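Numbering (UniProt numbering), first residue to last: 1 to 433.
Read through the structure below, which is laid out as structure tokens, and then see the notes.
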Amino acid sequence: MPPNMFQYRPLEHLDSFRLLHLEPSLNHSADLKGSLHHATLSDCDYDLIEPYTALSYVWGDASQRGVIHLGGSAKEITASLGAALRDMRDKSRVCRIWADALCIDQSNNAEKGVQVALMGRIYSTAHHTVIHLGKSPPGFEKLFIDLKVQSQTTMHGNTSDLGQLLLAADEIDGMRRDLLSKPWFRRVWVFQELVLSTDVWVQCDNLRIRWHHFCKVVDTKNVVAAMLLDTLSDSIAQHGQPRNATPLEDMNSRRYGAFEAPLSSLLSCRRGIGATDPRDIVFGHLGVVSDRDRCDRFIKVDYDRDLARVSVDTARYFLDATGIESLLSHAMNPSPITAPGIPSWCPRWSRSQLSWETIHKVGRKFGGGDDSSYVSFGGTHHILLSAPPVLAISGFEVTRIKASSHAFPSCGDEARAQEESKAVALELLQDIR
């Protein structure tokens with residue numbers, strides 16, 4: 001490592017973490033300068049003089065890099081983090097900021113596991129949380145001005161201009177949709193960060209407004225163009241159609257305590273959400289689950305454990321929480337892509353797909369028919385072997401496969417598929433004779 005590159009000092013206490021003291025600058029494009037300081041969550045919880053702000057952002061393209069100067073050393077950061085810090089930087093005062101990519105030694109898996117387990121407390125202890133959505137397209141300044149004016153108008157009880165403001169907002173629905181389609185809304189970690197934070201602000205470039213004011217205007221027309229933060233599986237399974245909710249309504253229902261869910265439910269409805277590390281699909285929900293005690297019996301936030309180990313541990317939790325039928329329903333993998341070391345009975349939570357249970361429920365609701373295409377084996381006794389991980393169930397032999405055919409390459413061509421089916425049938429008849 002070059003001598004001028006920054007090196008982390010080990011954290012000393014169980015609740016220790018680092019805070020960036022970001023130096024002020026009058027020039028927005030000036031080099032980022034600051035220093036990293038050790039603190040404890042217990043001390044910060046009682047600190048009324050120097051609170052800190054937690055940053056919620058998207059790491060972005062790892063190949064796009066920037067630099068922050070920490071004392072006499074330089075530290076590489078992603079361009080998206082650099083942009084967020086420049087937008088948050090004050091012109092005259094030092095800002096105390098927590099940003100995961102900078103305040104956690106990402107090369108130290110042991111530290112990373114401890115810090116990730118503390119992230120819920122880090123966000124709940126922060127005086128503010130700033131959601132940085134990145135660059136704002138042309139015209140966004142008008143939207144944020146409207147947001148501020150509307151919040152002030154409502155606050156002072158003067159609603160005479162409210163209709164005009166909403167009409168102006170109606171003219172920029174395209175910008176609303178653009179806003180909600182920002183990558184931030186697809187991150188797995190935002191769920192925990194938003195739900196546990198005390199005072200949340202939304203920022204684009206140097207424009208910043210409180211979360212609840214942002215929601216009031218963005219949700220006036222019930223914009224649903226962005227991807228729902230939770231996929232449609234739970235809603236379809238329960239109601240037969242997607243519920244009429246925006247991403248913001250969905251997140252607010254959790255933020256203000258209207259929703260509690262075990263990890264099994266969150267994984268089922270949010271699988272495939274964005275995560276740089278697929279293990280974070282699991283780790284990123286542990287701070288808000290309602291069955292944390294059960295989770296802790298099976299799952300440990302440990303980045304020295306590979307994806308295969310985390311997948312097996314999560315499957316063991318799922319078996320205990322929901323049973324073998326539900327586990328195997330979610331383990332259905334239509335894609336031929338396999339991950340090294342992951343058993344076929346372990347769901348791939350990084351893939352966005354509906355479980356077989358959900359597909360069957362939708363089919364029964366809209367297609368009618370009987371249950372002959374779906375046979376349940378609920379209550380079947382299972383045995384879980386650990387080395388190598390094997391899931392075994394008791395049963396009896398019905399018959400044995402006599403022959404197998406090649407896969408039909410032309411299943412999209414009905415006429416050709418029928419010809420191939422006939423050819424295979426004739427081939428099997430020849431074998432029987």
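All C-beta atoms, glycine included, are put in the ideal place defined by N, C-alpha and C.
Just so you know, these numbers come straight off a predicted model, no measurement behind them.
Of the residues the options, the one placed nearest residue i, counting alpha carbons only
{"i": "Ala-99", "options": "Val-390, Leu-118 and Tyr-57", "result": "Tyr-57"}
{"i": "Lys-142", "options": "Pro-24, Leu-207, Leu-319 and Lys-300", "result": "Leu-207"}
{"i": "Pro-347", "options": "Gly-287, Ala-315, Tyr-52 and Ile-393", "result": "Ala-315"}
{"i": "Trp-349", "options": "Asp-45, His-382 and Val-312", "result": "Val-312"}
{"i": "Cys-204", "options": "Phe-318, Ile-393, Pro-183 and Lys-135", "result": "Lys-135"}
{"i": "Gln-64", "options": "Lys-402, Gly-82 and Pro-278", "result": "Gly-82"}
{"i": "Tyr-52", "options": "Glu-12, Leu-14 and Thr-125", "result": "Thr-125"}
{"i": "Leu-11", "options": "Asp-61, Gln-115 and His-330", "result": "Gln-115"}
{"i": "Asp-47", "options": "Lys-182, Met-119, Asp-320 and His-127", "result": "His-127"}
Proximity of residue i and residue j at Cβ, strictly below 8 Å
{"i": "Ile-131", "j": "Val-202", "result": "yes"}
{"i": "Asn-108", "j": "Asp-304", "result": "no"}
{"i": "Arg-292", "j": "Ile-281", "result": "no"}
{"i": "Pro-137", "j": "Asp-178", "result": "yes"}
{"i": "Gly-287", "j": "Leu-194", "result": "no"}
{"i": "Leu-267", "j": "Pro-343", "result": "no"}
{"i": "Phe-6", "j": "Ser-80", "result": "no"}
{"i": "Ile-401", "j": "Ile-324", "result": "no"}
DSSP-derived helix/strand/coil call for residue i
{"i": "Glu-419", "result": "helix"}
{"i": "Phe-116", "result": "In the sequence as presented, Phe is not what sits at residue 116; that position holds Val. Of the three classes helix, strand and coil, the one that applies to Val-116 here is helix, per DSSP."}
{"i": "Pro-389", "result": "strand"}
{"i": "Trp-184", "result": "helix"}
{"i": "Leu-22", "result": "strand"}
{"i": "Gln-203", "result": "strand"}
{"i": "Trp-98", "result": "strand"}
{"i": "Thr-276", "result": "coil"}
{"i": "Ser-198", "result": "Rather than Ser, the amino acid found at residue 198 in this sequence is Thr. In the structure shown, Thr-198 sits in coil (DSSP, three-state: anything other than H, G, I, E or B)."}
{"i": "Arg-348", "result": "coil"}
{"i": "Val-67", "result": "strand"}
{"i": "His-38", "result": "strand"}
{"i": "Phe-17", "result": "strand"}
{"i": "Val-130", "result": "strand"}
{"i": "Lys-402", "result": "coil"}
{"i": "His-28", "result": "coil"}
{"i": "Arg-316", "result": "helix"}
{"i": "Met-332", "result": "coil"}
{"i": "Gln-238", "result": "For Gln-238, the pLDDT reaches just 38, beneath the cut-off of 50, and the residue's location in the model is therefore unreliable, although a value from the coordinates is still provided. Correct three-state label for Gln-238: helix."}
{"i": "Lys-300", "result": "coil"}
{"i": "Ile-104", "result": "coil"}
{"i": "Ile-324", "result": "helix"}
{"i": "Ile-145", "result": "helix"}
{"i": "Ile-383", "result": "strand"}
Nearest-angstrom Cα separation, counted from residue j out to residue i
{"i": "Val-190", "j": "Met-332", "result": "27 Å"}
{"i": "Leu-102", "j": "Ile-77", "result": "7 Å"}
{"i": "Ala-84", "j": "Leu-41", "result": "23 Å"}
{"i": "Val-398", "j": "Cys-295", "result": "37 Å"}
{"i": "Ala-275", "j": "Gln-106", "result": "15 Å"}
{"i": "Thr-322", "j": "Glu-50", "result": "45 Å"}
{"i": "Ser-386", "j": "Asp-306", "result": "16 Å"}
{"i": "His-213", "j": "Lys-91", "result": "25 Å"}
{"i": "Ala-39", "j": "Tyr-8", "result": "14 Å"}
{"i": "Lys-216", "j": "Leu-32", "result": "34 Å"}
{"i": "Val-310", "j": "Val-200", "result": "32 Å"}
{"i": "Phe-144", "j": "Leu-133", "result": "13 Å"}
{"i": "His-28", "j": "Ile-68", "result": "14 Å"}
{"i": "Ile-122", "j": "Ala-54", "result": "8 Å"}
{"i": "His-13", "j": "Gly-395", "result": "52 Å"}
{"i": "Glu-111", "j": "Ile-104", "result": "7 Å"}
{"i": "Ser-181", "j": "Asp-320", "result": "36 Å"}
{"i": "Pro-278", "j": "Gly-174", "result": "32 Å"}
{"i": "Pro-389", "j": "Ile-299", "result": "15 Å"}
{"i": "Leu-327", "j": "Arg-18", "result": "39 Å"}
{"i": "Lys-75", "j": "His-330", "result": "42 Å"}
{"i": "Ser-16", "j": "Ser-404", "result": "60 Å"}
{"i": "Thr-198", "j": "Met-119", "result": "14 Å"}
Sequence-distant residues of the same chain with beta carbon closer than 7 Å to residue i, five excluded per side
{"i": "His-21", "result": "Gly-34, Ser-35, His-37, Val-94 and Arg-96"}
{"i": "Ala-117", "result": "Val-301"}
{"i": "Gln-164", "result": "Confidence in Gln-164 is poor, its pLDDT being 49 and thus under 50, which makes the residue's placement unreliable; the coordinate value appears in the next sentence. So no residue of the chain qualifies."}
{"i": "Arg-89", "result": "Leu-22, Pro-24, Ser-25 and Cys-95"}
{"i": "Asp-45", "result": "Thr-125"}
{"i": "Gly-71", "result": "Ser-35"}
{"i": "Ile-383", "result": "Ala-392"}
{"i": "Phe-283", "result": "Val-116 and Val-301"}
Cβ shell of residue i (< 6 Å), same chain only, five flanking positions each side left out
{"i": "Gly-341", "result": "Ala-308"}
{"i": "Gly-66", "result": "Ile-77, Ala-79 and Gly-82"}
Residues near residue i by beta carbon distance below 8 Å, same chain, minus five either side
{"i": "Pro-3", "result": "At Pro-3 the pLDDT is 44, less than 50, meaning the model places this residue with poor confidence and gives no usable figure here."}
{"i": "Val-289", "result": "Ala-261, Pro-262, Leu-263, Leu-266 and Cys-295"}
{"i": "Ala-339", "result": "Leu-307, Ala-308, Ser-311 and Arg-348"}
{"i": "Trp-184", "result": "Ser-56, Tyr-57, Val-58, Ile-131, His-132, Leu-133, Gly-134 and Val-190"}
{"i": "Asp-61", "result": "Thr-78, Ala-79 and Ser-80"}
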